[in-house]
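Following: one structure in C-alpha cells, then a few remarks.
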Amino acid sequence: MTIEFNFSRLKNVYFDALHSYDKSVAFDVKVGKGQFLFLMFLAEDDERDTLFLYMRNTLIMRKLKMYGSHKNGDFKVFISDEVQERMVAELQLKERNGSFEFNTFLRQLNEAIPLKVDMNQKVNTLRNNRDVIQNVAINDIDKTVLIGTKTLQKGKPQDKTLRKLYMFTEESESIITEFISNLKKANMTVAWTTEDQRFKAADINSLINSINIKI
Numbered sequence: 011m012t013i014e015f016n017f018s019r020l021k022n023v024y025f026d027a028l029h030s031y032d033k034s035v036a037f038d039v040k041v042g043k044g045q046f047l048f049l050m051f052l053a054e055d056d057e058r059d060t061l062f063l064y065m066r067n068t069l070i071m072r073k074l075k076m077y078g079s080h081k082n083g084d085f086k087v088f089i090s091d092e093v094q095e096r097m098v099a100e101l102q103l104k105e106r107n108g109s110f111e112f113n114t115f116l117r118q119l120n121e122a123i124p125l126k127v128d129m130n131q132k133v134n135t136l137r138n139n140r141d142v143i144q145n146v147a148i149n150d151i152d153k154t155v156l157i158g159t160k161t162l163q164k165g166k167p168q169d170k171t172l173r174k175l176y177m178f179t180e181e182s183e184s185i186i187t188e189f190i191s192n193l194k195k196a197n198m199t200v201a202w203t204t205e206d207q208r209f210k211a212a213d214i215n216s217l218i219n220s221i222n223i224k225i
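Following the numbering used here, the numbering of the sequence shown begins with 11 at its first residue and continues without gaps.
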C-alpha cells in the first residue's frame, strides 16, 4: 500500500539551496546499514519539487514528487510498494521480523537529515557522485570539458550549465562561486565540449581572470 510521508526536515537545506548559485541539495544519510543519498535540483529548468533518492548498497535511484507548502515545512511524498521494497532492501536486514516497522524507519530517516549542509561538503558530494547524478543535474551530459565563456545576447545563464563548474572542475568551491556570480553579473555563460575534444580545454583560472577584468 502506498504510504504518505512528510520529510519535514528538508526545509532548511531546501531554502538554503534556493539561495545558492548551484541550486542543488546533496547529502548522505545513514540508517542502520542503509546509505541514502538525498538529491534535489531547484533551478528553473530542473525537475523541481522532486526528491531523488539514491541507495548506495543496492545502486538504485528513485524519484519522489514532493507536495505541500515547503515554506510551512511540508515535503510530502507518496512512497509506492515498489519503492518501499527498494528502501527496505537497502537496509540489508538479515531477516524481516515483527520488530521492523516501515514508518518508524521513515521517521529515523527524516530525523537524520541535517539542518545545514556546508557548501564545500555539498560540492564534494556532487563531484564524488557525478556518474550517479549527471543525468538529472546538468545539461548536455556528454559535454564535460570546459572550453571557454560566452556572452549571451538573449536570455540569462542557465543554472544547469553553470552547475557543471562545481562538478567537472577541480577549483575550490569559493572561487567557483565567485566565478559564477561574476558570470551572472556580466550575463555570460560557459561553453563545454566532449571528452574527445579535451585538447580544446581552457584554463579555468585564465577564464576567471578575464571575467574579473571585464566587470
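Where is the CB? At the ideal position from N, CA and C, for every residue including glycine.
Just the C-alpha distance for residue i and residue j, rounded to the nearest angstrom, thanks.
{"i": "D213", "j": "S191", "result": "18 angstroms"}
{"i": "N120", "j": "N219", "result": "43 angstroms"}
{"i": "L74", "j": "F62", "result": "6 angstroms"}
{"i": "K160", "j": "W202", "result": "11 angstroms"}
{"i": "L20", "j": "G44", "result": "19 angstroms"}
{"i": "V142", "j": "L49", "result": "11 angstroms"}
{"i": "T171", "j": "K104", "result": "43 angstroms"}
{"i": "F189", "j": "E180", "result": "13 angstroms"}
{"i": "T60", "j": "M76", "result": "6 angstroms"}
{"i": "G83", "j": "K153", "result": "37 angstroms"}
{"i": "E57", "j": "V98", "result": "26 angstroms"}
{"i": "I89", "j": "T135", "result": "25 angstroms"}
{"i": "S205", "j": "I186", "result": "Rather than Ser, the amino acid found at residue 205 in this sequence is Glu. Each residue's alpha carbon lies about 21 angstroms from the other."}
Following a CB-centred definition, is residue i positioned closer than 8 angstroms to any heavy atom of the ligand SAH?
{"i": "Q131", "result": "No copy of the ligand SAH occurs in the structure displayed, which carries no ligand at all."}
Could you tell me which residues DSSP puts in a beta bridge with residue i?
{"i": "I221", "result": "In DSSP, I221 forms no bridge with anything."}
{"i": "I70", "result": "M65"}
{"i": "T203", "result": "V155"}
On the three-state DSSP scale, how would you describe residue i?
{"i": "A147", "result": "helix"}
{"i": "V87", "result": "strand"}
{"i": "K104", "result": "coil"}
{"i": "K234", "result": "Only positions 11 to 225 of the chain appear in the structure, and residue 234 is not among them; the question remains open."}
{"i": "K226", "result": "Nothing can be reported for residue 226, as the shown portion of the chain is limited to 11 through 225."}
{"i": "I123", "result": "coil"}
{"i": "D213", "result": "coil"}
{"i": "N138", "result": "helix"}
{"i": "F115", "result": "helix"}
Beta carbon of residue i, beta carbon of residue j: below 9 angstroms?
{"i": "F46", "j": "V127", "result": "no"}
{"i": "V87", "j": "F17", "result": "yes"}
{"i": "V41", "j": "F112", "result": "no"}
{"i": "L52", "j": "V39", "result": "no"}
{"i": "L162", "j": "M129", "result": "no"}
{"i": "D32", "j": "K132", "result": "yes"}
{"i": "A196", "j": "I221", "result": "yes"}
{"i": "E100", "j": "N145", "result": "no"}
{"i": "M177", "j": "A147", "result": "yes"}
{"i": "V200", "j": "I123", "result": "no"}
{"i": "D91", "j": "D169", "result": "no"}
{"i": "V155", "j": "Q207", "result": "yes"}
Checklist line | Complete runs of the beta strand (DSSP E) confined to the region 12 to 66 [at least 3 residues] | finding: List check, beta strand (DSSP E) in window: 13 to 16, 34 to 41, 44 to 51, 60 to 65.
Notebook entry, point to check: Can you list, in chain order, the stretches of the beta strand (DSSP E) that have 3 or more residues and sit fully within the region 153 to 200?
Noted result: Listed in chain order, the complete beta strand (DSSP E) runs (minimum 3 residues) inside the region 153 to 200 are 153 to 161.
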